[in-house]
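Asker: Taking this note's numbering, the leading residue of the sequence shown gets -17, the next gets one more, and so forth. Backbone N, C-alpha and C fix where the C-beta goes; we use that ideal spot for every residue, glycine too. One structure is given below, represented as structure tokens, and several questions about it will come after.
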Amino acid sequence: MALVFGFDIGTTSIGFAVIDHDPDQGTGKIRRLGVRIFPEARDPKALGPLNQDRRAARMRRRQLRRRRQRRQELSALLHQHGFLPRRDSCAWNRVMGTDPYLLRKWAFNLQQADFDESRSQVLAAMQAGQAKLPAWALEGERLSPHAVGRAIYHLAQRRHFKGRDSDEIAGDDGTATQNQSDGDDADEQKAKSVRERNVQALEQKNMTLGAWLADRNAHERKRGEHVTRKVVEDEFDRVWAPCLPNDRIRAKVRGAIFDQRPVFWRVNTLGACRFLPEKKGLDLCPRGSWLSQQRRMLEKLNNLQFVSPEQRCLDEEERQAILAKLQTQASMTWAGVRKALAPLYRERNQSREEKWLKFNLEQDGEKKLLGNMIEKNLADIFGEAWKDHPHRQDIREALHERLREADYGTCGRQRVVIRPAKEREEWREHAAQYFIEKFDISHEQAEEIKKLKLPTGWEPYSTEALQKILPLLEAGVRFGEIINGPDLASRREATFPSHQEQTNQGFDRLPSPKNNKQEREHIASLRNPTVARTRNELRKVVNNLIDMFGKPDLIRVELARDVGLSKREREEKQTGMKSQERRRSEAREKLRKAAEDAGLPTFKPSRKDIEKWMLWEECGHRCPYTGETINFEKLFVTNQFDVEHIWPRSRSLDDSFRNKTLCHKDANIQKGDKTPFECFGNNKEVWQHIKNRVNKMEATKKGSIGMSRDKINRLLSEKSIPEDFTARQLNDTRYAAREAVAYLKQLWPDQGSEGKGKAKVQAVSGRVTAHLRRLWGLNNILGNTDTGKKSRDDHRHHAVDALTVACTHPGMTQKLSRYWQDKDNPRAQEPQLLPPWKTIRKDAEEAVDAIIVSHRIRKKVSGRLHKETVYGDTSEEETTRKVTYQFFVTRKNIEALSRKELTEQIRDDEVARIVRDWVDKHGGDPKKAFQDSSYPTLGDGGPEIHKVRLLVKQQIKLMAPVKSPKGYADLDGNHHVAIYRLSTGEIDYDVVSLLEASRRLSRREPVIQRERSDGAKFIMSLSKNNSLELTQNNETKIVIVKEIRTNGQIAITDHEDATSTKHYPGSTAIINKYCGKKVSVDPIGRVRPAND
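Pasting the structure below:
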């Protein structure tokens, strides 16, 4: 028998099974089952990387430090030339206490006045009004040097947002768009609109920013008004630069105020080419290149199909007719696509036929068909001459290379920086000259090329790989088939030999990044934190199993669909799951009500009944094949209609909702083991009626009731299911699965990602294993034996899944196909799918009972030490019977107030009354009362209230001093609890916060202190996810520590509990009560004393 390892890999778990198995003899033995649990590598709510908040906070600290450093350097420069006093002098405080907006207004008005005629009049008018300056700020008819310095220093304090020099890029349709990241939020969009509005107001009034803001009355806010950096630079050049003595000092001061670090990114963040792994970083194909644009255009065009009036692919003439127009356009509307086909249809005597056409991409919601933006721009520049230009391909290839070189520079070998605007303009001028000299184009054409804005970003494929793929795309082959299709596997192997990643060695254990440079580099190149963490945990499990059982003969692995998905993909999946669950809940209620109306008050909808109802609504209460009306009685009482598989289960192994519909029993029997077209397509009239009927069942819009376009396409498909389709369903071909297979194959020499010969590592599809687990009776080992439904409340279900994976050999798809064929045949006897060996159910129950689930423990002292909100100590206290509380104050935006804070915690009574009255007048909801950007004011004509001071109470021991002299913040968790036994035999404890643990580490003290001044004996320390062995009534069990509270309470849960809700609160006294011992559980579930 072969030694087989089976793995079920999820985003937070790895189930494993070690079996001896001989599928030919039908014998087997379970040697070990187990589960490894680890935390998600993403924030479970935001779905971003766990280090995202930490990196954002670090960036804020860097910005504050750089801002402080910039001001210090500017003040030193201005003091050196006599424009500011020394920073630590009394004169400094006097100068800084002057209103800088007033100084900026004076300078603007004086600059506007005629020096000889009206300057004295302006001075007199301003001194007589409310804009009077202190005596030190004027020297005759000019501002004093210190006044000039104070205003210039204020420009540095409020220099406003610059943005990136490359914010303006070309969009998919060729128009200029703002380059926005996924992090752009509502606040940034609001600030952007305010910037645009304010810049427009300044242009209309022809005023500088300082003068404009100075004109506001005392109660109007001056801060928080956004403009662009260019406005502040213009004010400096227009008003303040002439006040400085010479060009050298002007340049120094201007640089100290406005110079900004160049934006850069690291080359190693780009990853490597999938087909040519040695091509990394800048070898990848840029999205702004002609090659990338051509690939994108051909990919969409080759995926284009007609869905009405009939479903079919484009023929070659139709494809070429669209391509001829699309090639020189950034995009085409669907009306434009139909128009491009009109001449062809006139030649075919099918005039106006194109008006009735509808396309699959159009049906899926895409607004347009993307073209080649680069080709479109070049065609516009060169006109008719472009078609026969002698250097056409050379210009295409040189365009992005030269313009990218103009826009981006390098900083060492690892960084690429965005050039400043002035430098970029110079480099683009050189690029224009290059095109003139190299390709003999006109100056006008070179000027147009110089102005082009190209899309940013990179393909996941290298330029060399896309050059080899392009001929297939031009021939009409779909891109998905080129990179994944089994029919082109041999061509991929011949074209990209390095894709096989031959190892030329077999490791005895999977390599660790600690001692293997290649593995370390590969982990660093992974951009998905979930994949990186899963890979590390898989290595620990596999290596421990090898140490225990030796190297296996075969490994089978199944990956959950979440592994490898991006944040956007996971969000879309979660949205889809929530939508489907909502639809099921609605269907359950509708079905229950309909049953009552039909005189069936005791009817309890099952899962299958709910699915029937949803299919009934989807097909509009009509059979798609016969057109017969379906009513409630026929469907749920007399059962005249069946749930039917569009593609037979025996040939597709697809039992999902997207492969199901309703049909009359007779039609189901007639259809048998055929697709709809195979059954009804030989009668053109019947088939046309079916097509017309099904097309009318389509959902009118996303989220509405009706069939999806994917299901309609499958139902009306006239293609046969490939003969090897069933066999293909066994293999998981997703990227994450291939990565896992390639990693595991390092245990054997010359077994690349698609190793030749008999594969020692197989990626198994979850679609197949789900069927097998149920049919072998393994679903209810941990679940309800009546329903047979798999339980996910127990971590050990991952081990049952892994056992199924380990037993799923390639021949199992044929057995499953024959099973479904007999199952769907009403004339055949009830079929059985025999398990891998007779006693697998009994063996599995025994092995599952022996599992101790392993939980990953995070030992590092790292993470957020305290929460961000800083509180001020009021020195006020409140003492209850057991606890003394300290009162603290903090400021908070009124938009973010909770109802409790609004009613109970605002410190100032008058402010509290005003804010509460405002909220009551605007609907009573503080979240909605300020949406129109209007705020209550403190009295008539008083300042607006944007923030309030809140009074909160907390125990001082739960607060961390963070600012002198009275700044405090909430601690953000505990690192561990140290448990001691006193001389009296009683248990005592010390709870150590993460902040205290960090301080001990910085002082080079032991984080866990085993000795106390009172002589108490150290027993153990407990951190989150530590394991405890408790004994009660001579029975032992393993529990996991899930939370440590400051009062010594610890929340524990059974090691197998997956609900995260069944926490058993207890105190450190359980150590005595249940003879608690700390134990260590290794990655494969072996239990040892912790020796703490």
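(1) Excluding the 5 residues preceding and the 5 following Pro116 in the sequence, name in chain order all residues of the same chain whose CB lies nearer than 8 Å to its CB.
(2) Using the Cα positions of Val176 and Val209, report the straight-line distance between them to the nearest angstrom.
(3) Mark Ser638 as exposed unless 16 or more other C-beta atoms lie within 10 angstroms of its C-beta, in which case mark it buried.
(4) For Cys295, which residues from the same chain have a beta carbon less than 6 Å from its beta carbon, with the 5 sequence-adjacent residues on both sides left out?
(5) I need the straight-line Cα distance from Gly532 to Phe(-11), nearest angstrom please.
(6) Quick one: grab the DSSP three-state call for Thr157.
(7) Return the residue from the list Thr862, Ser857, Lys350 that minimises the CA-CA distance to Gln868.
(8) Give the single residue among Ser472, Asp70, Met794, Lys999 whose Cα lies nearest to the Cα of Gln54.
(9) Do Glu1038 and Val835 have their beta-carbon atoms positioned less than 9 Å apart in this structure?
(10) Relative to the alpha-carbon of His957, which residue among Val619, Ile1032, Gly854 has its alpha-carbon at the smallest distance?
(11) Count the CB pairs spanning the segment 928 to 935 and the segment 880 to 895 that are closer than 8 Å, and state whether there are at least three.
(12) Between Asn695 and Val289, what straight-line distance do the alpha-carbon atoms span, to the nearest angstrom?
(13) To the nearest angstrom, report how far apart Trp598 and Gln302 are at their CA atoms.
(14) Which residues in the same chain have their Cβ closer than 7 Å to the Cβ of Val944, if we skip the five residues on either side of it in sequence?
(15) With a threshold of 16 other CB atoms inside 10 Å of the CB of Glu217, please say whether the residue is buried or exposed.
(16) The beta strand (DSSP E) spanning Asp996 covers which residue range?
(17) Could you check the C-alpha separation between Val77 and Pro127 for me, to the nearest Å?
(18) Under DSSP, the beta strand (DSSP E) around Gln811 begins and ends at which residues?
(19) Just to confirm, are Ala89 and Leu59 a CB contact at a threshold of 9 Å?
(20) Could you name the residues of the same chain whose beta carbon sits closer than 7 Å to that of Leu120, not counting the 5 residues immediately before and after it, in chain order?
(21) With a threshold of 7 Å on Cβ separation, who are the neighbours of Phe870 within its own chain once the five nearest residues in sequence on each side are excluded?
(22) Can you have a look at Arg330 and say buried or exposed, based on whether 16 or more other CB atoms are within 10 angstroms of its CB?
(23) With 16 as the cutoff for other CB atoms within 10 Å, does Gly967 come out buried or exposed?
(24) Alpha carbons only, please: which of Gly131, Lys187, Ser686, Trp338 is nearest the one belonging to Val235?
(25) In three-state terms, what does DSSP make of Gln1075?
(26) Opposite Thr821 in the DSSP bridges: which residues?
(27) Reducing DSSP to helix, strand and coil, say where Gly734 ends up.
(28) With a floor of 3 residues, list each beta strand (DSSP E) that falls wholly inside the segment 247 to 319, ordered by position along the chain.
(29) Taking the alpha-carbon positions, what's the Val214 to Leu381 distance?
(30) Whose C-alpha, out of Phe662, Lys404, Arg838, is nearest the C-alpha of Gln652?
(31) By Cβ distance, which residues of its chain are closer than 6 Å to Arg277, with the 5 residues on each side in sequence left out?
(32) Based on Cα-Cα distance, which residue from Phe65, Ser634, Phe461, Ile592 lies nearest to Phe618?
(33) What are the partner residues of Ser1003, as DSSP defines its beta bridges?
(34) Less than 9 Å separating the beta-carbons of His904 and Ala894?
(35) Can you tell me the Cα-Cα spacing of Leu195 and Ile896, whole angstroms?
(36) Nearest-angstrom Cα distance between Leu470 and Lys369?
Answerer: Looking at the atomic coordinates:
(1) Around Pro116: Thr80.
(2) 7 Å
(3) With fewer than 16 other CB atoms across the displayed protein chains lying within 10 angstroms of its CB, Ser638 is exposed.
(4) Here the set comprises Gln287.
(5) 16 Å
(6) Interpretation of Thr157 is limited by its pLDDT of 45, a score under 50 that renders its predicted location unreliable; the figure taken from the coordinates is listed afterwards. Coil, per DSSP.
(7) Ser857
(8) Asp70
(9) yes
(10) Of the candidates Val619, Ile1032, Gly854, the residue whose Cα lies closest to the Cα of His957 is Ile1032.
(11) yes
(12) 8 Å
(13) Each residue's Cα considered, the two are about 42 Å apart.
(14) His848, Val852, Tyr950, Ala951
(15) buried
(16) Where Asp996 is concerned, there is no enclosing beta strand (DSSP E), given that its DSSP letter is neither H nor E.
(17) 11 Å
(18) Note, Gln811: premise wrong, no beta strand (DSSP E); not H, not E.
(19) no
(20) Ser126
(21) Tyr853, Gly854, Asp855, Thr856, Val934, Gln936, Tyr950
(22) exposed
(23) exposed
(24) For Val235, the nearest C-alpha among the options comes from Gly131.
(25) With the chain running from -17 to 1074 in the structure shown, residue 1075 is simply not present.
(26) The partner list for Thr821 (beta bridge, DSSP) is empty, contrary to what the question assumes.
(27) In this prediction, Gly734 scores a pLDDT of 44, lower than 50, which makes its location untrustworthy; the coordinate-derived value is nonetheless stated afterwards. Of the three classes helix, strand and coil, the one that applies to Gly734 here is coil, per DSSP.
(28) 266 to 268, 287 to 290, 313 to 315
(29) 35 Å
(30) Residue nearest to Gln652 within the set Phe662, Lys404, Arg838 is Phe662 (criterion: CA-CA distance).
(31) Leu448
(32) Selection Phe65, Ser634, Phe461, Ile592 evaluated against Phe618 yields Ile592 as nearest (Cα-Cα).
(33) Ala960
(34) No, Cβ-Cβ distance for His904 and Ala894 is not below 9 Å.
(35) Each residue's alpha carbon lies about 28 Å from the other.
(36) Rounded to the nearest whole angstrom, the CA to CA distance from Leu470 to Lys369 is 33 Å.
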